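Participant: The structure is given below, and queries will be raised subsequently.
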Amino acid sequence: MDVRVRFAPSPTGYLHVGGLRTALYNYLFARKHGGKCILRIEDTDRTRFVENATENLIENLRWAGIEFDESLEKGGEFGPYVQSERFDLYTKYGLELLEKGLAYYAFDTSEELEAMRQRLQEEGGSFKYDRNKMRNSITLGNEETKRLLDSGEKYVIRMKVPEDGEVKFNDIIRGEVTVPCKDVDDQILLKSDGFPTYHLANVVDDHFMQISHVIRGEEWLPSTPKHVLLYQFFGWDTPDFAHLPLLLNDKKAKLSKRHGDVAVEDFRAKGYLKDAFVNFIALLGWNPTGDREIYSMEELIDLFDLSKVNKAGAVFDLKKLAWMNQQYLKELSTAEAVPVLKVELEKAGVANLRDEYIGKIFELFKERVTFIGEIPEMTNYLYAAPSEFEEAYMAKRWKADTADLVRPLIEKLSTLSEFTHDSTHDCTKAFCEEAGIKMGELMHPLRLMLTGKSAGAGMFDTMALIGKEECLNRFSSFLARKEAGEL
RNA sequence: GGUCCUAUCGACUAACGGUUAGGUCACCAGCCUUUCACGCUGGCAGUAGGGGUUCGAAUCCCCUUAGGAUCACCA
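FYI, the numbering used here numbers position 213 of the first sequence as 200, with every residue one higher than the one before it.
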């Protein structure tokens, strides 16, 4: 059988990380088996229309490196790939069920349904539609139904779930799932505005798009029996199902927009690297071996195995994501990093730096940060003399005799014609050997005078970056302020 | 509340009847070192509980407990 899978998001205006994981697994599964991966937009809810939502979805998916074989923009022989353009198809099959006696008209208002649920809740038990007590073609009979229809009364079409028996289906991840028919609700198939609900549209489309495997989030598991029943009603083959474990927040509840970031674009905006993010997401719910963390997309495709995906939900751990990002940041090429860092520097008000200089900054700091965006703040002393000096650092590293110790070294450094890492290093080393002191004793005072903080790149790299003239200025200014008792 | 799903270190996971239950994040210690990081080494820490089945159970079955999802004219 040809593998054909689909990612079928509704255009809500943003791509949820859980959605990205679902799209990714569909993609990996299709590529792994030489099949096709389809993008279908499920926009049957007219009340939730969001401007540019589809474009946003596609853009974020593309960012993540997920390519579709058939989609709205790419086309394909099973289109259209947007449900609102397939309207007639759903109507046709909704009506077919009606004719077969597997669906019925219902005229209940939302108030009546609300009252029904209220009643059912008081009686204890499920909230499913009470077919035999409500206003529908079953209780009303043909004549009254026809009269209501002719008079223009609003109606929906509900599926008629068998009273007895059970629905069984096999889930690749969970194994066999069985639900008694009496617990399956008479789901609305066609809404009063004529649009289909997810359930009908999804089944019809998956059938006509010849989808072989339905890979989706676990939240769909409870409604899968309805879908299976629909396939049976139509006499169609049922695709294989795979319900992915949910992505959880730190309180172990479904990751939702209420608590923190869940949109892919939020993570992009924070500066997460694409490969790191995808790598991290891929390993939420599955790991090919358990003794390795870094995988390229090609390796993920090669190793992917749907049947080994976890059953239990996975907590989305930002700390591990940060670590992952840093791993990729360390390996990022300077050429790729420079444009990004340049923008970050400009945002921080630092402009007019040469690319070569920015490249050096990146190389010196990529192992000290999680995000490129952290670099400007961390390196602020490179662009202007420090205005503040860490008090604890100064107290610890600047003693009464430090000024006298440091002056002759500064004197010596000022004679250097070249001010590079090597020349400043050699000069300082020779000075220390002559004077019989350890380099460590001078490094801290130099760092303090130059940067004002205890953390940063190597001292000689830093001096080379700042440049001779500016270094000497900072030395003398610091010493002067010390003498004047300002520091 | 009904139904369904799930249960290995704090977190992500490996072990698909036989391992001293492994790796990673986080945390702690040490090493490296001119600081901070990176890196390296080590440590802490887990099969929810109870019954079975079996020579042998984290693994299969049952019960309990706990978590989650879902029960819209949303997807």
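A virtual CB, placed ideally from N, CA and C, is assigned to each residue, including glycine.
Given the structure is predicted, the values throughout are model-derived calculations rather than measurements.
Hey, which unbroken runs of the alpha helix (DSSP H) at 4 residues or more fall wholly within the stretch 406 to 455?
Facilitator: Listed in chain order, the complete alpha helix (DSSP H) runs (minimum 4 residues) inside the stretch 406 to 455 are 408 to 422, 426 to 438 and 446 to 453.
Participant: Rounded to whole angstroms, how far is the Cβ of L44 from the Cβ of L2, which I believe are closer than 8 Å?
Facilitator: Right, their Cβ atoms sit about 6 Å apart.
Participant: Between which residues of its own chain and D158 is the CB-CB distance below 7 Å, once the five residues before and five after are set aside?
Facilitator: Within the same chain, D158 has close Cβ partners V164, F228, A229 and H230.
Participant: Quick check: the stretch 442 to 450 against the stretch 403 to 423, are at least 3 beta-carbon pairs closer than 8 Å?
Facilitator: Counting Cβ pairs under 8 Å, three or more are found: they touch.
Participant: Taking the C-alpha atoms as reference points, what is the distance between S401 and K317?
Facilitator: Near 35 Å, if we compare the C-alpha coordinates of K317 and S401.
Participant: Name, in chain order, the residues that DSSP records as bridge partners for R145.
Facilitator: Answer by DSSP bridge pairing, in chain order: Y91 and I175.
Participant: State the Cα-Cα distance for the pair M311 and T357, rounded to the nearest angstrom.
Facilitator: Going from the Cα of M311 to the Cα of T357 covers about 9 Å.
Participant: Count Cβ pairs between the stretch 314 to 328 and the stretch 344 to 359 that sit closer than 8 Å; are there 3 or more?
Facilitator: Contact between the stretch 314 to 328 and the stretch 344 to 359 is present, because at least three Cβ pairs lie under 8 Å.
Participant: Buried or exposed: where does D413 fall if 16 or more other Cβ atoms within 10 Å of its Cβ makes it buried?
Facilitator: It is exposed - the Cβ of D413 has fewer than 16 other Cβ atoms within 10 Å.
Participant: May I ask you to list the residues that DSSP assigns as paired with A301?
Facilitator: DSSP, once it has assigned bridges, lists L234 as partnering A301.
Participant: Report back the beta-carbon spacing between I202 and Y12 to the nearest angstrom; my notes put them in contact at under 8 Å.
Facilitator: At roughly 6 Å, the Cβ-Cβ gap stays under 8 Å, so I202 and Y12 are in contact.
Participant: Which residues does DSSP list as the beta-bridge partners of C24?
Facilitator: C24 is bridged to V(-8).
Participant: Is the beta carbon of A301 less than 8 Å from the beta carbon of P209?
Facilitator: For A301 and P209, no; Cβs fall outside 8 Å.
Participant: Considering only DSSP beta bridges, list what V69 is partnered with.
Facilitator: According to DSSP, which records beta bridges pairwise, V69 is partnered with I28.
Participant: Run the CB neighbour count on G81, radius 10 Å, all protein chains shown included, and call it buried at 16 or more, exposed below.
Facilitator: Counting Cβ neighbours within 10 Å, G81 comes out buried, since at least 16 surround it.
Participant: What separation, rounded to the nearest whole angstrom, lies between the Cα atoms of E377 and L452?
Facilitator: Approximately 21 Å, taken between the alpha carbons.
Participant: Give me the Cα-Cα distance between Q70 and A250, rounded to the nearest whole angstrom.
Facilitator: Straight-line Cα distance between these residues: approximately 23 Å.
Participant: Can you tell me which residues form a DSSP beta bridge with T165?
Facilitator: According to DSSP, which records beta bridges pairwise, T165 is partnered with K155.
Participant: Rounded to a whole number of angstroms, what is the C-alpha to C-alpha distance between L234 and W207?
Facilitator: L234 and W207: Cα-Cα distance of roughly 14 Å.
Participant: Given this structure, state the Cα-to-Cα distance separating G439 from T366, to the nearest angstrom.
Facilitator: Those two C-alpha atoms are separated by around 11 Å.
Participant: Considering only DSSP beta bridges, list what D342 is partnered with.
Facilitator: According to DSSP, which records beta bridges pairwise, D342 is partnered with nothing at all.
Participant: What first and last residue would you give for the beta strand (DSSP E) that runs through G204?
Facilitator: G204 -> beta strand (DSSP E) spans H200 to G204.
Participant: P183 bridges to which residues according to DSSP?
Facilitator: Beta-bridge pairing links P183 to L177.
Participant: Give me the Cα-Cα distance between D151 and P167, rounded to the nearest whole angstrom.
Facilitator: Computed Cα separation, rounded: 7 Å.
Participant: Can you list, in chain order, the residues of its chain with a C-beta nearer than 6 Å to that of A93? Leave out the 5 residues immediately preceding and following it.
Facilitator: Excluding sequence neighbours, A93 sits near N123, V143 and R145.
Participant: Using alpha carbons as the reference points, say which of F303, F221 and R279 lies closest to K241.
Facilitator: Residue F303 is the option with its Cα nearest to K241.
Participant: Cutting at 7 Å between CB atoms, please list the residues of its own chain near I53, excluding the five before and the five after it.
Facilitator: Taken in chain order, the residues that qualify are A10, L11 and Y14.
Participant: Using a 10 Å radius around the Cβ and a threshold of 16 neighbouring Cβ atoms, would you call I362 buried or exposed?
Facilitator: With 16 or more Cβ atoms within 10 Å of its Cβ, I362 is classed as buried.
Participant: Are A372 and S464 closer than 8 Å when you measure CB to CB?
Facilitator: The answer is yes: Cβ separation under 8 Å.
Participant: Quick one, which of E131, F74 and H200 has its alpha-carbon nearest Y185's?
Facilitator: Cα-wise, what sits closest to Y185 is F74.
Participant: What's the C-alpha gap between A422 and R434?
Facilitator: Straight-line Cα distance between these residues: approximately 20 Å.
Participant: What does DSSP give as the partner residue(s) for K261 in the beta ladder?
Facilitator: Answer is none; K261 lacks a bridge partner.
Participant: Which class does K244 belong to by DSSP, given the choice of helix, strand or coil?
Facilitator: Coil.
Participant: Return helix, strand or coil for S58, following the three-state DSSP convention.
Facilitator: Correct three-state label for S58: strand.
Participant: Could you spell out the range, first to last residue, of the alpha helix (DSSP H) harbouring P363?
Facilitator: First-last of the alpha helix (DSSP H) with P363: I362 to M365.
Participant: Are there 16 or more other CB atoms within 10 angstroms of the CB of Q219, so buried, or fewer, so exposed?
Facilitator: Exposed: under 16 other Cβ atoms inside 10 Å.
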